[in-house]
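Under the working numbering, the first residue of the sequence shown carries the number 373, and numbering increases by one thereafter.
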Amino acid sequence: MYGAGVIIKAESGLIVTSNHVVSGAKTLSVRLPDGRQLDARFVVADERYDLAMLRISASGLTAARIGRSIDAEPGDFVLAVGGSSGLTQSISFGIVSALHRSWPGIPCQDLIQTDALLDRGSAGGPLFNLRGEVIGIVAASTGETESERAFAIPSDAIDRLFIRMN
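See the structure below:
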């Protein structure tokens, strides 16, 4: 299985992704934008929000800025970065369609809905606002071409992973 993730702490090599992408995996590896492929280790998960944190050991990492998903509003433009059908660094453009959504199979009941075109390989990837801040982690896509919908876990839930680490 493959998915996407986002580096949130460069100095400690912490990456956030969707828990369903990594749960049950015996080994984990991460491909960085510069092409390096590294072993990763599982750190912590929050099953309620379908988030997981991984750690890699690498230098020269750049972390994404985490924004406040609570500030997102319907109509805001967003960019989603993921791995479309196994391809890396695919970017989709869309808008925030709705807030506080739920979707079958995703335990989080406070999802951000977007019309950005995504596929399963985008799960775990970041949803950025136009200020370049992560406001969500992609959780699922309906994959219906004429009525595409995707859902992201709000970035405000990432703090829960740090609480679970301690």
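Glycine is no exception: its CB is placed at the ideal position from the N, C-alpha and C atoms.
None of these values were measured; they are calculated from a predicted model.
Check, Outcome
"Beta bridge counterpart(s) of E505 as assigned by DSSP", "R437"
"Nearest candidate by alpha-carbon position, reference I380, set G477, T486, I509", "I509"
"Cutoff 8 angstroms; reference A430; Cβ partners in own chain excluding five residues on either side", "G385, L404, R408, L410"
"The region 414 to 429 contacting the region 443 to 453, beta-carbon criterion three pairs below 8 angstroms", "no"
"Range covered by the alpha helix (DSSP H) that runs through I467", "It is not in any alpha helix (DSSP H) - I467 instead sits in the beta strand (DSSP E) that spans 462 to 475."
"7 angstroms CB neighbourhood of I467 in its chain, flanking five on each side removed", "G447, D448, F449, V450, T486, D487"
"Straight-line gap, S469 to I484 (C-alpha atoms, nearest Å)", "8 angstroms"
"Inter-residue spacing [alpha-carbon to alpha-carbon] between E419 and P479", "7 angstroms"
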